[in-house]
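Below is one structure, written out as C-alpha cells; comments come after it.
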Ligand code: ADP
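Numbering (our numbering), first residue to last: 3 to 294.
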C-alpha cells in the first residue's frame, strides 16, 4: 500500500486535473521498473500511472523526468506519455503520468519506430548537452553544454562515470591509462554531426507498444547528443528487430562505420551498469577499451 499522505496528495492532484471530485478506486502495483514503485491508478474517470521514490535519495528525479518527457513530445516522433503532475509528499517524490494501455505489436511497429526515432533525432540545438542535469536510471547525469560531441562524450559521459567507479574502488590505474589512450582517438572515431535530441536510455525496457500497436517511449535520460547513442543503447542487450535499424537508416542515414562505433557509444551505459550493479560489467568495458 502506498503511504497515506502520498495517496491523499494524488487524490487532490487528480481532482485538480479533472476539475471535479474524482474518486481513486484502486491502486495496482506495476512491475518491470528498475528503481521506483509504480502503480496503475484506477479512478472514476479513467486510469493514471504513478511512480514514487525517496525524495532525499533522488532529488529532482521526477521533475527532470517530467521535463524530459515534455522535451521528447514532438510532432512526428515516437509517442511519450503525458507528464500530468509531479510533487513531494513528506519524504516521497512522485510523478503522475498518462496511463499507456498496452496492445499487440502492429505489422509496421518496428519500421514505424525506426522512422519516428529518426524524426526525433532531427531535432537539433546549438550545443551538446542540456540546460539542466537529469538522471540515467538512478545515477545523476551531467548535461553541461559543450560545442563538440567529442568533448561532451569524454567529459560529461565517460569521465563522470569513471570518477564514480574510481571512488568505489572499481577502476584501477591500468584501466584509466587505457581510457586516456582511447580519449586521444575519440576525434577520429566520431563523425562531426549536429547535436540531436536523444532519448538517452533506449533499451528494450524503455519503450512500450500502445493499444494502437504503436511505440511509446518512457523513462528518458534526455539530452542533445550524438544520435547513435540511442541506436547503440538499443543494441546493448537483445537488440531491436532489424526493420527498426533499416527504417531508421533509410530516414536518416548514419555515417559509414556506425556499426563499429556501437561499442564505443555503449561504454557509457556499461560504465553506468558498473556503477549501479558492480564490477561484473567491467570485463565488457575492458575488452573494448584495451584495444586502444
Ligand atoms: P522505473 O522508473 O522504475 O524504471 P518505468 O518507468 O520503467 O519505471 O516503469 C515501470 C513499468 O511500468 C514499465 O516497464 C512499463 O511496463 C510500465 N509503465 C511505464 N510508464 C507507463 C505509463 N505511462 N503507462 C502505463 N504503464 C507504464
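Glycine residues also receive a C-beta, built at the ideal position from the N, C-alpha and C atoms.
Compare the C-beta of residue 282 against all C-beta atoms of chain C and say whether one is closer than 8 angstroms. Absent from the structure: chain C. Only one protein chain is present.
Are the CB atoms of residue 200 and residue 229 nearer to each other than 8 angstroms? As a working mapping, residue 200 is identified with position 198 in the chain shown. As a working mapping, residue 229 is identified with position 227 in the chain shown. Closer than 8 angstroms, so yes.
If I measure Cβ to Cβ from residue 44 and keep anything under 8 angstroms in the same chain, skipping five residues before and after, which residues do I get? By one-based count along the chain shown, residue 44 stands at place 42. Cβ within range, chain order: 26, 27, 28, 29 and 30.
Measuring from the CB of residue 266, is there a heavy atom of the ligand ADP at a distance below 7 angstroms? Walking along the chain shown from the start, residue 266 turns up at place 264. For the ligand ADP, not one heavy atom lies less than 7 angstroms from the Cβ of residue 266.
Need the endpoints of the beta strand (DSSP E) that residue 199 sits in, please. Looking up residue 199 in the chain shown gives position 197. It spans 198–200 - the beta strand (DSSP E) in which residue 199 sits, taken as one unbroken run.
Considering Cα atoms alone, identify which of 111, 252 and 192 is closest to residue 259. Indexing the chain shown from 1 puts residue 259 at position 257. Of the candidates 111, 252 and 192, the one whose C-alpha sits nearest the C-alpha of residue 259 is 192.
Pair within 8 angstroms by beta-carbon distance, residue 143 and residue 152: In the chain shown, the residue the question calls residue 143 occupies position 141. In the chain shown, the residue the question calls residue 152 occupies position 150. In this structure, residue 143 lies away from residue 152, with their beta-carbon atoms at least 8 angstroms apart.
What residue ranges within the stretch 59–103 form continuous beta strand (DSSP E) runs of no fewer than 3 residues, ordered along the chain? 85–91 and 94–100
Quiz: which residues have CB nearer than 5 angstroms to the ligand ADP non-hydrogen atoms: 32, 34, 35, 36, 37, 38, 40, 51, 83, 99, 101, 102, 220 and 221
What does residue 271 pair with, by DSSP beta-bridge criteria? Start at 1 with the first residue of the chain shown, and residue 271 comes out as number 269. Residue 271 pairs with nothing; no bridge assigned.
Can you tell me the Cα-Cα spacing of residue 106 and residue 99, whole angstroms? Here residue 106 is taken as the residue at index 104 of the chain shown, counted from 1. Here residue 99 is taken as the residue at index 97 of the chain shown, counted from 1. So the two alpha carbons sit approximately 21 angstroms from each other.
Three-state class that DSSP yields for residue 217 in the structure shown: Working through the chain shown from its first residue, we reach residue 217 at position 215. In the structure shown, residue 217 sits in a strand (DSSP, three-state: E or B).
With DSSP as the reference, label residue 38 as helix, strand or coil. Within the chain shown, numbered from 1, the residue matching residue 38 stands at position 36. Note: residue 38 maps to coil in three-state DSSP.
Pairwise C-alpha distance: residue 17 and residue 23: Residue numbering aside, residue 23 sits at position 21 when the chain shown is read from its first letter. Residue numbering aside, residue 17 sits at position 15 when the chain shown is read from its first letter. One C-alpha to the other measures close to 5 angstroms.
Span of the alpha helix (DSSP H) around residue 162: As a position in the chain shown, residue 162 is number 160, starting the count at 1. Residue 162 -> alpha helix (DSSP H) spans 161–169.
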